[in-house]
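Report on the structure given below.
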Amino acid sequence: MRNLDKYKGVIPAFYACYDKEGRISPQGVEDLTNYFIEKGVKGVYVNGSSGECIYQSVEDKKLVLEQVMKTAQGRLTVIAHVACNNTSDSMELACHAEALGVDAIAAIPPIYFRLPEHAIARYWNDISEAAPDTDFVIYNIPQLAGVALTLSLFAEMRKNPRVIGVKNSSMPVQDIQMFCAAAGEDYVIFNGPDEQFISGRVIGAEGAIGGTYGAMPELFLKMDACVKEGDLKKAREIQYAVNEIIYRMCSAKGNMYGVIKAILKINENLDLGGVRKPLPSLTDADLAIVKEAAEMIRAAKEKYLL
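Once you know that position 280 of the sequence shown is 310 in the working numbering, the rest is easy, because the numbers rise by one and skip nothing.
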């Protein structure tokens, strides 16, 4: 029987951490890992979208994951996103992740060229075969990858015994229900879109992975607790407050992850740097948005966590 309990909970997507020269900051990675441990989240999802994965080199990704694992020391479930836009690099990262002892690896489908389903399955299975003793999570994010996980492709992937679930970041919450119904109890479906956290949980997602969790993990942990306790009224109130914060963070000219890192510097004294080009850096005008969003987070925590 597979141990799926370690995936059932709130799992923030890990942010890229840079020094003043824009290189990976091992100290920043260590500080962010410790921050998540202190907040009490279930785990972290490393080198995914929030980690600016498509702008990282293979060596960058290795360095980040090595530092996370060195710091976490088994205190967090670690899912390492290993997909690159070629199979060889992806397999190299999968092998490296397994050697470090991660709980699972994950991968989006190949992007740019529209591959047939059998080629996508071969890509994912090749990656999985490079980490034969490690769980595998399918990352479904069609709005960015350009291809969606279909039920037929999901059925094909479930022939691989290492596949344990789907990180579903498609916007229709119905997709979560469809994957849950198709897979049964021996798989975990993770809610992806942060704005529908409670919707995904209520319809069947037992885990959740999201890019804004790191800015306000306490609020997502509280929503998760409310869902488990059946207090959907309180969960909905918090979701509405969280969504207003997300909308505000997305209103800046600079990239949202730059906004989040600036918020973490104000609220948590974490120095994680900016974002890597071509992602747009924050403008001077964005600083007012950062301050307002940081205050909104503090106010929501004061209101809902007492």
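Here a beta-carbon is modelled for each residue, glycine too, at the ideal position from N, C-alpha and C.
By Cβ distance below 7 Å, which residues in the same chain neighbour residue i in space, the five residues on each side in sequence not counted?
i, result
"ALA324", "ILE293, ILE296 and ASN297"
"ASP165", "ASP133, ALA134, ARG192 and ILE194"
"ASP61", "LEU300"
"MET121", "ASP156, ILE157 and ALA160"
"GLY234", "ILE206, GLN207, CYS210 and ILE219"
"ASN285", "VAL305, LEU309 and PRO310"
Quick test of your reading: residue i and residue j, contact by CB under 8 Å. State the CB separation rounded to the nearest angstrom.
i, j, result
"VAL193", "ILE228", "Not quite, the Cβ-Cβ distance comes to about 26 Å (not below 8 Å), so this is no contact."
"PHE220", "VAL203", "PHE220 to VAL203, Cβ: 13 Å. No contact."
"LEU317", "GLY288", "Wrong, their Cβ atoms sit about 11 Å apart, outside the cutoff."
"GLY52", "ARG306", "6 Å"
"GLY39", "ASP301", "The Cβ separation is near 27 Å, so there is no contact."
"GLU274", "MET201", "No, GLU274 and MET201 are not in contact; Cβ-Cβ is about 18 Å, not under 8 Å."
"LEU336", "VAL218", "Incorrect: roughly 32 Å between the Cβ atoms, too far for contact."
"ILE67", "ARG105", "5 Å"
Helix, strand or coil: which one does DSSP assign to residue i?
i, result
"ILE206", "helix"
"THR107", "strand"
"ASN77", "coil"
"TYR48", "strand"
"ASN33", "coil"
"ASN297", "helix"
"ALA137", "strand"
"ALA160", "coil"
"VAL71", "coil"
"PRO191", "coil"
"ASN198", "strand"
"GLY240", "strand"
"ASP165", "strand"
Within its chain, find whatever has a CB closer than 8 Å to the CB of residue i; leave out the 5 residues flanking it on each side and keep chain order.
i, result
"LYS321", "ILE296"
"PHE184", "ILE168, VAL196, PHE209, ALA212 and ALA213"
"VAL232", "VAL257 and LEU262"
"ILE276", "ASP224, GLU225 and THR242"
"ASN115", "ILE84, PRO140, ILE141 and TYR142"
With a Cβ-Cβ cutoff of 8 Å, do residue i and residue j count as a contact?
i, j, result
"ASP216", "TYR243", "no"
"PRO140", "TYR153", "yes"
"ILE290", "ALA238", "no"
"ALA160", "ILE138", "no"
"LEU93", "ASN77", "no"
"GLY73", "ILE109", "yes"
"TYR75", "HIS111", "yes"
"GLY303", "CYS47", "yes"
"LYS331", "GLU248", "yes"
"LEU43", "GLY230", "Leu is not the amino acid found at residue 43; the sequence shown has Ala there. No."
"ASN190", "GLY222", "no"
"ALA329", "LYS283", "no"
Between the Cα of residue i and the Cα atoms of the options, which residue gives the shortest distance?
i, options, result
"TYR270", "CYS280, ASP316 and MET253", "MET253"
"ALA212", "VAL88, SER199, GLY58 and LEU179", "LEU179"
"ALA175", "TYR142, ARG188 and MET187", "TYR142"
"LYS107", "GLN86, LEU130 and SER120", "A small correction: the amino acid at residue 107 is Thr; Lys does not occupy that position in the sequence shown. The shortest Cα separation from THR107 among GLN86, LEU130 and SER120 belongs to LEU130."
"GLU147", "LYS38, GLU122, LEU181 and VAL272", "LEU181"
"ASP205", "GLN226, MET187 and ARG188", "GLN226"
"ALA265", "ILE275, GLU274 and PHE250", "PHE250"
"CYS280", "ILE150, GLY260, PRO310 and ILE268", "PRO310"
"GLU186", "ILE150, GLN207 and ALA330", "ILE150"
"VAL88", "LEU123, LYS333, GLU128 and LYS331", "LEU123"
"ASP163", "ARG144, GLU128 and ALA136", "GLU128"
"ALA255", "GLU236, GLY241 and GLY240", "GLU236"
"ILE54", "TYR85, GLU259, ILE276 and ASN170", "TYR85"
"LYS69", "ILE41, LYS333 and ASN170", "ILE41"
"TYR45", "ARG105, ASP314, GLY260 and LYS91", "LYS91"
"LYS36", "LYS50, VAL71 and ASN116", "VAL71"
"SER79", "TYR334, GLY260, ARG144 and ALA136", "ALA136"
Can you name, in chain order, every residue of its own chain whose Cβ lies under 6 Å from the Cβ of residue i, other than the five neighbours on each side?
i, result
"THR63", "VAL98, THR101 and ALA102"
"VAL177", "PRO139"
Check whether the Cβ of residue i lies closer than 8 Å to any Cβ atom in chain C.
i, result
"ILE194", "In the displayed structure, chain C is absent; only one protein chain is listed."
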